[in-house]
Amino acid sequence: MTITITKTTPYDDQKPGTSGLRKKVSVFQQPNYLQNFVQSIFNSLDGFQGDTLVIGGDGRYFNRQAIQIIIKMAIANGFGKLIIGQGGLLSTPAASNIIRKYKAFGGIVLSASHNPGGPDEDFGIKYNVGNGGPAPEKFTDALYANTKVIAEYRSAEVADIDLDTLGEQQIAGVKVSIIDPVADYAALMADIFDFELIKQSIAAGLITLKFDAMHAITGPYAKKILEEELGATPGSVFNAVPLEDFGGGHPDPNLAHAHELAEIMFGADAPVFGAASDGDGDRNMIMGANIFVTPSDSLAIMAANAKLIPAYAKGISGVARSMPTSQAVDRVADKLSLPCYETPTGWKFFGNLLDADKITICGEESFGSGSNHVREKDGLWAVLFWLNLIARKRQPVADIVREHWQTYGRDIYCRHDYEAVDSDIANGILDHLRGLLNGLPGKTWGDYTVKCADEFSYTDPVDGSVSSAQGIRIGFANGSRIVFRLSGTGTVGATLRIYLERYERDVAKHDQDAQEALADLIALAEQFCEVKRRTGRNAPDVIT
Ligand code: VG1
Ligand code: CO
């Protein structure tokens, strides 16, 4: 085998964000841009010679080309075996499972998740470590440092690999295994949930469902599991064929982008259950007939009912949520005497807690939830959790949610996003907020007295590592909160996220519209951050 060593020069913009490196496709297509990043990943790793690397992506535009480049570089750098999803496809949770199941050294996942795809849209790449989870900050910091000094990269002179034929090939002494992207994942789900019960409920007509795969990676997974294995009517899974540009859509499962599903679920003939997932299959949106379940509520409800699911029947060790996620799950933890952790945004912060069995279930307000079965959030897992729950409780989604609120109170919640804001203006807003923090505690506006105000810093309870500047928190005496942070996944300018939350114990007030119920807090948030005044905008781009 011939290995070519190519001289290269660094790019200065390869700092991984919340979940890997995400840029416009045209950025990745610059000479050696992808190669620099991949070689920098390998340069940041030790002891992988002869070991296994998993490779797969969400199928978006540039996925196949990128995989061919990565295969040749992985061979030249000394990996002994490559496991690749057929067609270059692997959902993010499936990739995590494959890494764990086959004890791989790590994996490279190609995805820009919920961002649009296509020649003019986004691409992304991240490295996952041996536990199947996104590399921790210590690694991504080292990786970024390596991208700044990269001088050459290694690539094997071999022909392109056939990604579409299942089976194992020997390429220059390296085993390259093309696997069914769905099979191992489907088997894992069958181990966790009561498939027989769900199947019976579907057959008996107690559960009818619609799943919007948004022309993204979960199409084949959902078809196999929901339709073939659990017997949902053919067509229950729609937009099921993964497309390189997601059909021109924005594969983000929320009411704004999964509007086809939303129309069905708020329509006259709504099925019992509706759900959607994102570009790479790690997010979920849960709906019932005429109801949308906020991700924060979904997490709390899953934690409260975990014992009804076979894999968690013996109980869970603890729960965690990202800082901006509502405190609904904290109330469940409190009642069940479970440890509850508050982490920075991004799944990589749950990895240590899961590995140390400090938690079993965790989630984020951004339509992500998961458990110790893999080390990524998992869209279809959440869908199956809800189906199993509905089958066990024999209750519609709306009743499950209302009963939960009756027991725990409701954390009325929403997030306002201002997208593609000029970076200087966005940083100015954060600086301005930092300047306010010391003066806020004790001040009162109407029902809202500030109890605490700080910039969130996290010390990992397992390895002691510290992650600072993780968002501005303003907490009020009545339990309400406003959180401000800048997104780490966008590719154009900055996105300001404002998270708003108010606790309502009174059952008679549980049916309020979130925007109305949060109106005072929304006004206070603007008073603090001045985003409208500073950007000249009059409304958020997306409300979730
Ligand atoms: C967003 C979400 C965060 C999530 C991340 C990756 O990050 O807020 O909760 O973990 O996306 O999700 P940010 O930095 O833009 O707020 V995914 O589905 O893109 O892998
Ligand atoms: Co995703």
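The opening position of the sequence shown corresponds to residue 1 in full-length UniProt numbering, with each subsequent residue numbered one higher.
Cβ coordinates follow ideal geometry from the N, Cα and C atoms, glycine included.
Cα-Cα separation, ALA508 to ALA398: Rounded to the nearest angstrom, the two C-alpha atoms are 16 Å apart.
Simplified DSSP assignment, three categories, for residue 546: The question about residue 546 has no answer here: the residues shown for the chain are numbered 1 through 544.
Just grab the DSSP bridge partners of ARG473 for me. ASP454 and VAL483
Name the DSSP beta bridge partners of GLN395, please? Its beta-bridge partners do not exist; DSSP assigns none.
Could you pull out every residue in the same chain whose Cβ sits closer than 6 Å to the Cβ of SER177, ignoring the five residues on either side in sequence? ILE83 and GLU168.
Would the beta-carbon of ARG366 be found less than 7 Å away from any heavy atom of the ligand VG1? Note on identity: in this sequence residue 366 is Ser, with Arg being the wrong assignment. Remark: the C-beta of SER366 is in contact range of the ligand VG1, defined as less than 7 Å to any heavy atom.
Flag this pair as touching only if the region 79-98 and the region 172-189 have three or more C-beta atom pairs under 8 Å; answer yes or no. yes
Should ALA76 and ILE192 be called a contact, given that it needs their Cβ atoms to be closer than 8 Å? no
Tell me which residues share the same chain as GLY118 and place their Cβ nearer than 7 Å to its Cβ, disregarding the 5 neighbours each side in the sequence. TYR61, GLU244 and ASP245
So, ARG321 versus GLY363, is the Cβ gap smaller than 8 Å? Yes, Cβ-Cβ distance for ARG321 and GLY363 is below 8 Å.
Given this structure, state the Cα-to-Cα distance separating GLY59 from PHE48, to the nearest angstrom. 26 Å
Quick one: residues in its chain with C-beta nearer than 6 Å to the C-beta of THR491, no 5 flanking neighbours on either side, listed in chain order? ARG22, LYS23, LYS24 and ASP122
Among ILE99, ASN146 and LEU110, which residue has its Cα nearest to the Cα of VAL129? ILE99
For the ligand VG1, is there a heavy atom less than 7 Å away from the beta-carbon of ARG497? Yes, since a heavy atom of the ligand VG1 falls inside the 7 Å radius drawn around the Cβ of ARG497.
Whole angstroms are fine: how far does the CA of PHE476 sit from the CA of LEU436? 15 Å
For ARG154, list the residues DSSP reports as bridge partners. ILE5
By the 10 Å Cβ neighbour count, where 16 or more other Cβ atoms means buried, how is CYS340 classified, buried or exposed? Buried, since its Cβ has 16 or more Cβ neighbours within 10 Å.
Hey, could you find the ends of the alpha helix (DSSP H) PHE195 is sitting in? Bounds of the alpha helix (DSSP H) holding PHE195 are 195-203.
Report the start-end ranges of each alpha helix (DSSP H) in the region 282-368 that is 4 residues or longer and not cut off at the edges. 295-304, 328-335 and 351-355
Can you give the Cα-Cα distance for residue 545 and PHE195, rounded to whole angstroms? Because the chain in this structure spans residues 1 to 544, residue 545 falls outside the shown range and cannot be described.
Go ahead and pull the three-state DSSP assignment for HIS404. helix
Tell me whether THR92, by its Cβ, gets closer than 7 Å to a heavy atom of the ligand CO. yes
Under the three-state DSSP convention, the category ALA494 falls into: strand
Say yes only if the C-beta of ARG321 is nearer than 7 Å to one or more non-hydrogen atoms of the ligand VG1, and no if none qualify. Flag unset: Cβ of ARG321 not near the ligand VG1.
Every unbroken alpha helix (DSSP H) inside the region 47-106 [4 residues or more]: 63-77 and 92-101
Cβ of ASP282 within 8 Å of Cβ of PRO16? No, the pair does not count as a contact, with Cβ atoms beyond the cut-off.
Beta-bridge partners of LYS210, as assigned by DSSP: DSSP output for LYS210 lists GLY274 as bridge partner(s).
Where the beta strand (DSSP E) through ASP460 begins and ends: First-last for ASP460: undefined, no H or E at that position.
DSSP bridge partner residues for ILE178 (one or two, in chain order): ILE84 and GLY167
Would you call LEU89 buried or exposed, if buried means 16 or more other Cβ atoms sit within 10 Å of its Cβ? Taking every protein chain shown into account, the CB of LEU89 has 16 or more other CB atoms within 10 angstroms, so this residue is buried.
For GLN527 and VAL466, the rounded distance between their alpha carbons: 31 Å
Please tell me whether, using a cut-off of 7 Å, the distance from the CB of GLY279 to the nearest non-hydrogen atom of the ligand CO is below it. Placement of the Cβ of GLY279 at a distance of less than 7 Å from at least one heavy atom of the ligand CO is found.
Kindly give me the distance between the Cβ atoms of PRO253 and MET214, rounded to whole angstroms, as I take these residues to be in contact under 8 Å. 7 Å
Tell me, please, whether the region 478-496 touches the region 414-433 by the rule of three or more beta-carbon pairs shorter than 8 Å. yes
Could you tell me if the beta carbon of ARG375 falls within a distance shorter than 7 Å of some heavy atom in the ligand CO? Because no heavy atom of the ligand CO lies under 7 Å away, the Cβ of ARG375 does not count as near it: no.
When every heavy atom of the ligand CO is checked, does at least one fall within less than 7 Å of the C-beta of SER113? yes
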